[in-house]
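**Student:** In the working numbering, the protein residues as written are 273 to 475.
Right, here's the structure in full:
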């Protein structure tokens, strides 16, 4: 099975602790005429499209438990070409604070369920565009192109979609053996982050 392909426009507001995402997805696997996606239950879907046609934004369905406790199931008609979701919500994405958008830290990985997943071991070919405050540094497994505060990040290969950013990143992973990303020494403990996924995918 080919890896799905995602194009994401990410609207980050660290000061307000908010996140907005516009994602177009192709190559999704369907069963019985539908595609099931898992998304963080704290995010509100504002728009849904299948093959460029609007569909009623789907409510979460009772589909049992997913590996991510913060995720809820969403069913869409099976797309011939692609599907699109536009959604937004608060930046606290995981109960233990592991994924967040806050004034001092942006940490996004699959553990927060911030982008739609079909399965927990999903690897995705992806391109992400966003903006970060000018003095922030970032770590990601993708290839980064900058223009002022605007960023375009493209996956080098199918991987988790990961972005870690803060005003004072002290180091970034250089190999799979380096999984920890540390904030500068004067940061509070809550502003430190561990991105195991980033380390695993950064080779």
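For glycine and all other residues, C-beta sits at the position ideal for the given N, C-alpha and C.
Do the stretch 361–380 and the stretch 288–300 meet, that is, are 3 or more Cβ pairs less than 8 Å apart?
**Tutor:** yes
**Student:** Could you check the C-alpha separation between residue 428 and residue 396 for me, to the nearest Å?
**Tutor:** Sequence index remark: in the chain shown, residue 428 carries index 156 (1-based). Sequence index remark: in the chain shown, residue 396 carries index 124 (1-based). If you take the alpha carbons of residue 428 and residue 396, they lie about 10 Å apart.
**Student:** For residue 333, does the count of other Cβ atoms within 10 angstroms reach 16, so buried, or fall short, so exposed?
**Tutor:** By 1-based counting over the chain shown, the position of residue 333 is 61. By the 10 Å Cβ count, residue 333 comes out exposed.
**Student:** Could you tell me the boundaries of the beta strand (DSSP E) in which residue 296 lies?
**Tutor:** Reading the chain shown from its first residue, position 24 is the one you call residue 296. 290–298 is the span of the beta strand (DSSP E), which, as asked, contains residue 296.
**Student:** DSSP state of residue 373, grouped into three classes?
**Tutor:** In the chain shown, counting from the first residue as 1, residue 373 sits at position 101. Strand.
**Student:** For residue 380, which option in 307, 327, 286 has the closest C-alpha, if you only look at C-alpha atoms?
**Tutor:** Residue mapping note: residue 380 aligns to position 108 of the chain shown, counting from 1. Among 307, 327, 286, the Cα nearest to that of residue 380 belongs to 286.
**Student:** Check whether the Cβ atoms of residue 421 and residue 403 lie closer than 8 Å to each other.
**Tutor:** Taking the chain shown and counting its residues from 1, the one referred to as residue 421 is at position 149. Taking the chain shown and counting its residues from 1, the one referred to as residue 403 is at position 131. Contact: yes.
**Student:** Name the DSSP bridge partner or partners of residue 346?
**Tutor:** Position 74 of the chain shown holds residue 346. 309, per the DSSP bridge assignment.
**Student:** Residue 367 and residue 311: beta carbons closer than 8 Å?
**Tutor:** Residue mapping note: residue 367 aligns to position 95 of the chain shown, counting from 1. Residue mapping note: residue 311 aligns to position 39 of the chain shown, counting from 1. Contact flag unset, no.
**Student:** According to DSSP, simplified to helix, strand and coil, what is residue 315?
**Tutor:** Working through the chain shown from its first residue, we reach residue 315 at position 43. If DSSP states are grouped into helix, strand and coil, residue 315 belongs with coil.
**Student:** What's the call for residue 433, buried or exposed, on a 16-neighbour Cβ count within 10 Å?
**Tutor:** Numbered from its first residue, the chain shown carries residue 433 at position 161. So residue 433 ends up on the buried side.
**Student:** Would residue 357 pass as a contact of residue 317 if the rule is Cβ separation under 8 Å?
**Tutor:** In the chain shown, counting from the first residue as 1, residue 357 sits at position 85. In the chain shown, counting from the first residue as 1, residue 317 sits at position 45. Their beta carbons are under 8 Å apart, which means residue 357 touches residue 317 by this criterion.
**Student:** Which same chain residues end up closer than 6 Å to residue 424 when comparing Cβ atoms and leaving out the 5 residues on each side of it in sequence?
**Tutor:** Here residue 424 refers to the residue found at position 152 of the chain shown. Cβ neighbours of residue 424 within its own chain (closer than 6 Å, five residues either side excluded): 401, 417.
**Student:** Short check: CB of residue 390 to CB of residue 279, under 8 Å?
**Tutor:** Position 118 of the chain shown, counted from the first residue, corresponds to residue 390. Position 7 of the chain shown, counted from the first residue, corresponds to residue 279. Cβ distance not < 8 Å, so residue 390 and residue 279 don't count as in contact.
**Student:** Counting along the chain, where does the beta strand (DSSP E) carrying residue 408 start and finish?
**Tutor:** As a working note, residue 408 is residue 136 in the chain shown. Per DSSP, residue 408 belongs to no beta strand (DSSP E) and is neither H nor E.
**Student:** Answer with buried or exposed for residue 305, where buried requires no fewer than 16 other C-beta atoms within 10 angstroms of its C-beta.
**Tutor:** What you label residue 305 is simply residue 33 of the chain shown in a count that begins at 1. Residue 305 comes out exposed.
**Student:** Can you give the beta carbon distance from residue 299 to residue 275, rounded, assuming they're within the 8 Å contact cut?
**Tutor:** As a working note, residue 299 is residue 27 in the chain shown. As a working note, residue 275 is residue 3 in the chain shown. That belief holds up - the Cβ atoms of residue 299 and residue 275 are roughly 7 Å apart, short of 8 Å.
**Student:** Return the chain-ordered list of same chain residues with a C-beta closer than 7 Å to the C-beta of residue 350, the five sequence neighbours on each side being excluded.
**Tutor:** Position 78 of the chain shown holds residue 350. So the list reads 302, 305, 306, 307, once near-sequence residues are dropped.
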